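The structure under discussion appears below in the form of structure tokens.
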Amino acid sequence: MTNLSSLLEGSAQQFPARTAIILGDTRLSYAQVDGAANQVANLLVSRGIKPGDKVALTCPNLPYFSIVYYGILKAGATVVPLNVLLKAREIAYHLDDSDAKAYFCFQGTPELPMGAEGKAGFDQTPGAEHFFVITADPAAPSPIEGAETFGQALAGQAPTFESVATDDGDTAVILYTSGTTGQPKGAELSHSNMLSNALVSEQLFGADAENPDTYLCVLPLFHSFGQTVIQNSAFAFGGTVVMLPRFEAEPALGLMLKEKVTFFAGVPTMYWGLLGALDDSVDVSSLAANLRVAAAGGSALPKEVHKNFQQKFGVTILEGYGLSETSPVASFSPFGEEPRVGSIGTPIPGVEMKLIDAEWNEVTEDDAVGEIAIKGPNIMKGYYGRPDATAAAIQDGWFRSGDLGKKDADGWYYIVDRAKDMIIRGGFNVYPREIEEVLMTHPAVSLAAVIGVPHESHGEEVKAYVILDKTADPVTADELVAWGKEQFAAYKYPRTVEVVETLPMTATGKILKRELD
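And the structure:
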């Protein structure tokens with residue numbers, strides 16, 4: 001059976017008593033998670049949800065996410081995970097755009113009232129028929145007037161269910177892109193797309209069901225990175241997922257020690273946060289002794305972060321690359337090989353990559369920059385309900401990523417920058433990542449983000465935002481401009497530097513450059 005839920009079912013049959021999920025003091029076995037997911041499947045069928053119907057889910061990193069996710073899949077329906085930060089208007093857009101028939105939404109907190117926003121968005125969507133609010137306490141009354149709780153809905157549902165047999169090409173998940181240009185689009189990922197990407201972790205990281213890993217889940221599960229590299233890969237090989245609903249560096253380090261975490265995956269700002277939280281009270285030697293794999297993706301990993309993590313933890317971060325449209329992993333630094341700092345590695349087994357120009361012609365010149373194109377079993381079916389956007393993104397099975405890259409003689413790829421982030425100053429191309437990498441070598445700079453701002457004569461000018469290292473000697477913005485002038489060609493160095501305390505970030509930890517100006 002190609003149903004993605006087979007990952008959970010297989011491990012539940014083989015290792016029923018093994019711990020699947022940890023949240024605080026709560027430990028759920030594979031048998032318990034599978035039984036609860038079966039209840040969700042029975043609930044959906046009892047409410048008229050049919051194979052192929054879309055079911056949305058808003059939930060932070062809690063056991064409920066995995067239980068509902070696999071329950072939807074067992075029923076043959078399609079999971080539509082939503083960003084937990086969305087407001088009612090945005091939720092209504094996603095529900096309507098995906099044709100969602102049902103919606104599971106966590107109640108949230110006073111600071112982040114997901115349930116109230118979710119119900120308001122649901123009420124604005126005529127095609128959505130069933131709303132379930134997930135409460136922190138399953139026995140608690142509904143915090144939202146007129147909303148059925150998850151606990152009430154599951155009462156009496158059987159913990160056994162025969163999962164719907166799906167075809168390879170049936171849609172398992174619709175993942176919405178971030179919408180940096182225009183409205184978010186839903187990438188349709190098949191059961192085969194998602195299964196192939198989860199199972200390749202055996203070859204990428206040496207995953208072994210007889211010696212299972214313990215994964216720290218700080219990447220949000222509504223995002224493809226967390227779903228595939230943590231949840232689905234762990235469940236495929238009988239691993240244990242230690243959930244942390246919101247990334248904070250000190251609690252993350254504490255959980256890594258307490259639960260003897262062997263596998264950590266995060267975006268670069270998470271690694272930066274972990275390094276910043278280290279002090280004399282942290283037993284770094286024990287952390288390093290347990291940690292087997294450190295994986296990074298989502299955005300470019302600064303070389304300084306890579307070097308410092310290696311020095312502190314004794315573990316080399318393996319950098320990879322992918323997008324929602326590629327399920328998500330497309331390339332990774334080969335496990336066990338000497339890494340090439342700054343490289344996103346080589347294409348994963350079964351996947352091809354090449355560089356192309358704006359007309360889809362392959363770029364083959366040495367050291368040439370081109371847009372990365374990807375082909376393989378991980379490529380999405382298309383954008384849901386958007387044939388024109390799909391045709392623009394996929395040609396002859398090749399997906400164009402929007403990312404600019406280079407390739408070395410051995411076939412290792414390097415991200416130069418996002419095509420849309422590239423700055424054109426006076427006719428010259430300036431790649432923000434290059435500027436950021438160099439700025440972070442300054443002893444006083446902890447983190448940097450570079451953008452282009454409008455300029456009357458040059459078209460765009462280079463501007464840098466920096467967070468300073470409070471333990472270093474102080475430096476002014478003007479001094480950083482002068483320092484940059486010494487490091488870069490005249491058209492590259494930032495004419496303006498702004499010192500800030502924080503940088504805006506997405507829920508997945510990526511720096512949100514569109515909010516900088």
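Using the numbering used here, the first residue of the sequence shown is number 1, and each one after it goes up by one. Where a beta carbon is used, it is the ideal one built from N, C-alpha and C, also for glycine. All figures in this text were calculated on a predicted structure; none of them were measured in a lab.
Counting pairs of beta carbons, one from the stretch 358–376 and one from the stretch 295–315, are three or more of them closer than 8 Å? The stretch 358–376 vs the stretch 295–315: no contact.
Could you spell out where the beta strand (DSSP E) holding Phe150 opens and where it closes? Bounds of any beta strand (DSSP E) do not take in Phe150; it lies within the alpha helix (DSSP H) bounded by 150–154.
Looking only at C-alpha atoms, which of Phe222, Ala140, Ala158, Gly76 sits nearest to Gly169? From the listed residues Phe222, Ala140, Ala158, Gly76, the smallest Cα separation to Gly169 is found for Gly76.
With which residues is Tyr413 paired in a DSSP beta bridge? Within the DSSP secondary-structure output, Tyr413 pairs in a beta bridge with Gly345, Lys407.
For a minimum of 4 consecutive residues, which ranges assigned as the alpha helix (DSSP H) are wholly contained in the stretch 166–224? Counting whole runs of 4 or more residues, the stretch 166–224 contains the alpha helix (DSSP H) stretches 191–199, 201–205.
Between which two residues does the beta strand (DSSP E) harbouring Gly370 extend? 370–375 is the span of the beta strand (DSSP E), which, as asked, contains Gly370.
By Cβ distance, which residues of its chain are closer than 8 Å to Thr180, with the 5 residues on each side in sequence left out? Note that Thr180 has pLDDT 45, beneath the 50 cutoff, so the model's placement of it is unreliable and no number is given.
Cβ of Leu73 within 9 Å of Cβ of Thr58? No, the Cβ-Cβ distance between Leu73 and Thr58 is not below 9 Å.
For the alpha helix (DSSP H) that contains Ser67, what are its first and last residues? The sequence shown places Ile at residue 67, rather than the Ser named in the question. Under the DSSP assignment, Ile67 falls in the alpha helix (DSSP H) whose first and last residues are 63–74.
Would the stretch 17–25 count as touching the stretch 236–249 if we require 3 or more Cβ pairs under 8 Å? With a cut-off of 8 Å, the stretch 236–249 and the stretch 17–25 count as touching, because enough Cβ pairs lie within range.
Among the candidates Ala294, Thr214, Ala296, Val80, whose CA atom is the shortest distance from the CA of Glu259? Selected option, being the one with the closest Cα: Thr214.
Between which two residues does the beta strand (DSSP E) holding Ile317 run? Residue range 317–322 is occupied by the beta strand (DSSP E) that includes Ile317.
Can you look up Val475 in the DSSP assignment and give me helix, strand or coil? DSSP, reduced to helix, strand and coil, places Val475 outside both helices and strands of the structure shown, so it counts as coil.
Do Val450 and Ile467 have their CB atoms nearer than 9 Å? No, the Cβ-Cβ distance between Val450 and Ile467 is not below 9 Å.
Report yes if the C-beta distance between Phe65 and Phe222 is below 9 Å; otherwise report no. Contact flag set, yes.
The stretch 128–140 contacting the stretch 84–102, beta-carbon criterion three pairs below 8 Å: Yes: at least three Cβ pairs fall under 8 Å.
Should the stretch 151–159 be called in touch with the stretch 23–43, which here means at least 3 C-beta pairs below 8 Å? Pairwise C-beta distances place the stretch 151–159 in contact with the stretch 23–43, as three or more of them are shorter than 8 Å.
So, helix, strand or coil for His442, using DSSP? DSSP, read as helix, strand or coil, puts His442 in coil.
Please state whether DSSP places Val80 in a helix, a strand or coil. DSSP, read as helix, strand or coil, puts Val80 in strand.
Identify, in the order they occur along the chain, each residue of the same chain with its Cβ nearer than 7 Å to the Cβ of Ala249, setting aside the five sequence neighbours on each side. Answer for Ala249: Gly273, Leu274, Gly276, Ala277, listed in chain order.
According to DSSP, is Val33 part of a helix, a strand, or is it coil? Three-state result, Val33: helix.
Answer yes if the stretch 184–193 comes into contact with the stretch 371–388, meaning at least three C-beta pairs across the two stretches below 8 Å, and no otherwise. With the cut-off at 8 Å, the stretch 371–388 and the stretch 184–193 touch.
Roughly how many whole angstroms lie between the Cα atoms of Tyr69 and Asn61? Whole-angstrom Cα-Cα distance: 12 Å.
Could you say which of Leu287, Ala209, Leu204 lies nearest to Pro349 if we only look at CA atoms? It is Leu204 whose Cα lies nearest to the Cα of Pro349.
Can you list, in chain order, the residues of its chain with a C-beta nearer than 7 Å to that of Ala92? Leave out the 5 residues immediately preceding and following it. Answer for Ala92: Gly121, Gln124, Thr125, listed in chain order.
I'd like the span of the beta strand (DSSP E) that includes Met353, first residue to last. Where Met353 is concerned, the enclosing beta strand (DSSP E) starts and stops at 352–356.
DSSP on Tyr271, reduced to helix/strand/coil? Three-state DSSP puts Tyr271 in a helix.
Alpha carbon to alpha carbon, what distance is there between Ala358 and Ala393? In a straight line, the C-alpha of Ala393 is about 12 Å away from that of Ala358.
By the three-class DSSP mapping on this structure, what secondary structure does Gly266 have? Of the three classes helix, strand and coil, the one that applies to Gly266 here is strand, per DSSP.
C-beta atoms of Thr496 and Glu456 nearer than 9 Å: No.
Which residue marks the beginning of the beta strand (DSSP E) containing Ser331, and which one marks its end? 329–332 is the span of the beta strand (DSSP E), which, as asked, contains Ser331.
According to DSSP, is Ile306 helix, strand or coil? Inspection of the sequence shows that residue 306 is occupied by His rather than by Ile. Here His306 carries a helix assignment [DSSP, helix/strand/coil].
For Trp398, count the other beta carbons within 10 Å of its own beta carbon; 16 or more makes it buried, fewer makes it exposed. Which is it? Buried: at least 16 other Cβ atoms inside 10 Å.
Using the three-state DSSP reduction, which class does Asn429 fall into: helix, strand or coil? DSSP, read as helix, strand or coil, puts Asn429 in strand.
Beta-carbon proximity of Tyr413 to Gly345, cut-off 9 Å: Taking C-beta atoms as the reference points, Tyr413 and Gly345 count as a pair closer than 9 Å.
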